[in-house]
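To keep things clear, I will list the structure first and then write my remarks on it.
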Amino acid sequence: MDAARWIYPSPRGLYVEPAGLFIDPPGAVDRAVITHGHSDHARPGHAHALATPATLAIMRARLGGGFAGTTQALAYGEAIRIGGVDLRLVPAGHILGSAQVVLEHAGQRVVVSGDYKRVADPTCAPFEPVGCDIFVTEATFGLPVFRHPDPLGEVRRLLDSAALFAERCHVVGVYALGKCQRLIALLRQAGYDRPVYLHGALQALTDLYVGEGIALGDVRPVADAPRGDLMGAIVLAPPSALADRWSRRLPDPLSALASGWMRVKQRAKQRGVELPLVISDHADWHELTRTFADVGAAEIWVTHGREEALVHHAATHGLRARALALVGYEDEGS
Amino acid sequence: MIAFASLLERLIFSPARQTKLRLMTEYFRATADPDRGYALAALTDGLDFAHAKPAAIRALVESRVDPALFAWSYDFVGDLAETAALIWPEPASPRAPPPRLSEVVERLRLAGRSEVPALLGAWLDTLDATGRWALIKLISGGLRVGASARLAKTAVAALGGEDVAKIDEVWHGLAPPYASLFAWLCGAGDAPRIDRRTAFLPMMLAHPLDDGELDTLDPKDFRAEWKWDGIRIQLVSFDGERRLFSRTGEDVGPAFPDLLAAAPEGCVIDGELLVRTGDAIGSFNDLQQRLNRKRPPASLVAALPAMLRVYDILFEGAEDLRPLPFAERRGRLERWHAARLGNAAIDLSPLVAFADWEALARHSAEARPRAAEGLMLKRADSPYLAGRPKGHWYKWKRAARSVDAVMMYAQRGHGRRSSFYSDFTFGCWRVGPDGAALVPVGKAYFGFSDADLARLDKFVRGHTVNRFGPVREVEPSLVCELEFDSVHRSPRHKSGVALRFPRIARIRWDKPAAEADRLDALVAMIDG
Ligand SMILES: [Zn+2]
Ligand SMILES: [Zn+2]
């Protein structure tokens, strides 16, 4: 019954011994399976990298053509066998191309979910619960204070503010991969059809999303826009650009930030955000705990985030639970 | 409650004053009575419930969620109101409609302490996270959303295009939910009428002097007077009605029946409430004893009689003196007081004469009465303005900076003090290759009681180790706490630093000289 003998955490990452592969290893290894393109999961330099086609495309765009020795694309649902381990990738609902790794060996099934969320996201395939013996979960928002509201409601707050302060340019801090494109798609869902302006650092990945068939409407580089057009406009930028010199050339910028951390007002205030938008690509507490029930696992392994509360919760619900204490994850794209 | 919650949320995240004003004005325009009136009261600290204590809020939350999970969450969030609001379980079934702000205020006012948890729990179940956060902040007192009471009043004034001074003028005659105020500002009524005989007039307050600000002010433009260590009071006395208002407009009259009885008729006076012990002014602690007794026993009144030391006159009879320049009001005040010299409960706070700031600083050090906390500087041409207008009144901070230094040399004083050693040179320790040595850092004069002066003089005579003409070098064994306004680099002094306006704050008979401060401590205080 003890799967910990064939899959276990090691200093170089979560290791699947019979297959000789690491999942999302923090440093270069011989053979890696990459759950998704965020930089704390998708590192360069592996001799061999396996991931979904979209994740490989994202890694190529961010890291350059030679990001791994050889690559292997595996579509959602396609199964392969490596060293006696059956492996397939299923959607995690986190960002474009994000996948859970489903591993079967010695009559046991382990699901390594990478980063995931359960709410609908127009820019990626929805999370698919897979029944398993051991479920390996993230815990970025592993405290019961985290409950992400309806993202469309948050986008409406942004639109209300843009209407009330119609002369102010609304600059929204977003992570370049995933959040940026999802926010544009949400604005479109809310019926916003004006151009959305992009900081240069967001352009390449947004183009990639569009190339993958995700419709985002009229998206323009902010650098080309006449100042007058930016009054009352919505501009997306990396969070780091909100406070720096770059934003000063915008007309009376009002800074917003789209992140699950914005749920805690004290944190939002510390960051100097005027309009915090609680929009996250990670599961909140309720999604996390609901997922444990959905996959029916008897054992929960927690990779990164706020593990204690989640382990405590699992234990009080009759599950075996352990914190893996993996290093190297920094919650890009929270 | 929803609109109020989103207002609070926008306020805490909006750094710009203009934005805050606009958000509040917009809220007051869009919200009906009496909700907006209670919101105004909350924003101006005018709501007072039997406050829900943090322990009670925590207990309520822990009745709904696992205490271990609460503890981890509190640890992460760091704020009790916010943790409670965020962790409160969302109801599974559709929510009941959330309460109106007015319903919350009115029911909480009537509720007994034991009923509060149930009421609160039921309301929390109807609200989203921001609503819960706002509710908990509202009931636990002190919104702290970065909008002052004055800014809230300014936002209300903007509703009717009025100046905030007009609001100040009537404010203390009004009470939540301020229906007449909103009616006036929305054009549905006249300005609220207030009873002039019992109305508090907003006080004029001083700014603390910033470092270096004195250099930008011309001493000729100012008058100086002591700031007495009591409580600032406004006496309002017309037609036999008498009130003693504190700075915030609270009537403290009932605690001071002796002063009320002695108050002259037909005036509004600004002054300091003090108590006497025998012939002397009592300490702030003495005053506190009177303040603590809402209905003082006759014995306490006899032991610590109250008095008003007057600073300013706002009304004389029906005449509003506030538009007059300070110097002219002062003349009126002196004549008003001269006609009432027999009244032992009233005396006049004297002006302090000075030629320049240096002289004033020195005078302040030498001659500050025990009951004075510092000096006030008032522009001679300032009218009496509500609030804290810039550029009119200044409070000269006492003890901007201080250091413990060792007495090194002593010299006789001037005038009245010429028979005593009262001018001293002090030093701090500098540690060099040969050990620690004292370096002179400044001269200071002693300004306390004659008894202390005599003791210091005796110390100097008994510890002289050397004489240089009129100067005595003393054994480095006595520590004094020096206060000064600032420290500057000075190549002309051996220590490399110069103190601005040094004065002796305390004699530390108890402190060994070795424990006095090092020169490094002063160097660290150098400005710029
Ligand atoms: Zn991620
Ligand atoms: Zn992650």
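Protein sequence lines, in the order shown, are assigned to chains A and B.
Positions in the first sequence are counted from 1; adding 33 to them yields my numbering.
Positions in the second sequence are counted from 1; adding 1242 to them yields my numbering.
A virtual CB, placed ideally from N, CA and C, is assigned to each residue, including glycine.
Could you list which residues in chain A have their beta carbon closer than 8 Å to that of residue i, in chain order?
i, result
"residue 1290/B", "What residue 1290/B touches in chain A: nothing, since even the nearest Cβ is about 25 Å away."
"residue 1325/B", "178"
For residue i and residue j, which I take to be in contact (beta-carbon distance under 8 Å), what is that distance rounded to the nearest angstrom?
i, j, result
"residue 1724/B", "residue 1686/B", "6 Å"
"residue 1515/B", "residue 1472/B", "5 Å"
"residue 1662/B", "residue 1695/B", "5 Å"
"residue 1496/B", "residue 1536/B", "6 Å"
"residue 1707/B", "residue 1717/B", "5 Å"
"residue 1594/B", "residue 1617/B", "7 Å"
"residue 144/A", "residue 132/A", "Not a contact, Cβ separation roughly 11 Å."
"residue 118/A", "residue 136/A", "6 Å"
"residue 1720/B", "residue 1648/B", "7 Å"
"residue 202/A", "residue 266/A", "6 Å"
"residue 1343/B", "residue 1243/B", "5 Å"
"residue 263/A", "residue 235/A", "Between residue 235/A and residue 263/A the Cβ distance is about 16 Å, and since that is not below 8 Å, they are no contact."
With 16 other CB atoms within 10 Å as the buried threshold, where does residue i fall?
i, result
"residue 113/A", "exposed"
"residue 1452/B", "exposed"
"residue 1572/B", "buried"
"residue 1583/B", "exposed"
"residue 208/A", "buried"
"residue 1247/B", "buried"
"residue 1479/B", "buried"
"residue 1269/B", "buried"
"residue 34/A", "Low confidence applies to residue 34/A: its pLDDT is 45, below 50, so where it sits in the model is not reliable, and the reading given next is rough at best. It counts as exposed."
"residue 1770/B", "With a pLDDT of 46 at residue 1770/B, under the threshold of 50, the modelled position of that residue is not reliable, and the figure given next carries that caveat. It counts as exposed."
"residue 354/A", "buried"
"residue 157/A", "buried"
"residue 1581/B", "exposed"
"residue 43/A", "exposed"
"residue 324/A", "buried"
"residue 1476/B", "buried"
"residue 58/A", "buried"
"residue 80/A", "exposed"
"residue 149/A", "buried"
For residue i, which residues in chain B fall below 8 Å Cβ to Cβ?
i, result
"residue 301/A", "1255"
"residue 355/A", "The contacting residues do not exist; residue 355/A stays about 17 Å from chain B at best."
"residue 33/A", "There is simply no residue 33/A to check, as chain A begins at 34 and stops at 367 in what is shown."
"residue 306/A", "1255"
Name the chain B residues that come within less than 9 Å of residue i, Cβ to Cβ?
i, result
"residue 345/A", "1308, 1310, 1311, 1314"
"residue 177/A", "1307, 1308, 1311, 1312, 1314, 1315, 1328, 1329, 1331"
Per DSSP, which one or two residues make a beta bridge with residue i?
i, result
"residue 1479/B", "1484/B, 1509/B"
"residue 350/A", "Paired residue(s): none; residue 350/A is not in a bridge."
"residue 1636/B", "1449/B, 1619/B"
"residue 1262/B", "Bridge partners of residue 1262/B: none, in fact."
"residue 309/A", "290/A"
"residue 334/A", "169/A, 355/A"
"residue 84/A", "106/A"
"residue 141/A", "138/A"
"residue 1392/B", "In the DSSP output, where bridge partners are listed per residue, residue 1392/B has none listed."
"residue 1217/B", "Past the boundaries of the shown model lies residue 1217/B; chain B is included only from 1243 to 1770, so the question cannot be answered."
"residue 324/A", "Beta-bridge pairing links residue 324/A to no other residue."
"residue 1519/B", "1522/B"
"residue 1667/B", "1651/B, 1685/B"
Find the residues of chain B that neighbour residue i, judging by a C-beta separation of less than 7 Å, and give them in chain order.
i, result
"residue 309/A", "1255"
"residue 341/A", "1314"
"residue 152/A", "Here the premise fails: no neighbours, minimum Cβ distance about 15 Å."
"residue 204/A", "Per Cβ cutoff of 7 Å: no residues; residue 204/A is ~14 Å from chain B at best."
Give the interface partners of residue i over in chain A, defined as CB-CB distance under 7 Å, in chain order.
i, result
"residue 1320/B", "299"
Sorry if obvious, but does the Cβ on residue i come closer than 7 Å to a heavy atom of ligand 3?
i, result
"residue 148/A", "Here the bound small molecules are ligand 1 and ligand 2; ligand 3 is not part of this structure."
Kindly list, in the order they appear in chain A, the residues whose Cβ is closer than 9 Å to that of residue i.
i, result
"residue 1375/B", "298"
"residue 1304/B", "Here the premise fails: no neighbours, minimum Cβ distance about 13 Å."
Cβ contact check for the segment 1361-1378 of chain B and the segment 1320-1334 of chain B: 3 or more pairs under 8 Å:
yes
Decide if the segment 347-360 of chain A is in contact with the segment 187-204 of chain A; the criterion is three or more beta carbon pairs, one per stretch, under 8 Å apart.
no
Across the segment 164-180 of chain A and the segment 237-249 of chain A, are there enough close Cβ pairs to call them in contact, namely three or more that are closer than 8 Å?
no
Is the segment 202-221 of chain A touching the segment 285-292 of chain A, taking contact as three or more C-beta pairs under 8 Å?
yes
Decide if the segment 1627-1635 of chain B is in contact with the segment 1483-1501 of chain B; the criterion is three or more beta carbon pairs, one per stretch, under 8 Å apart.
no
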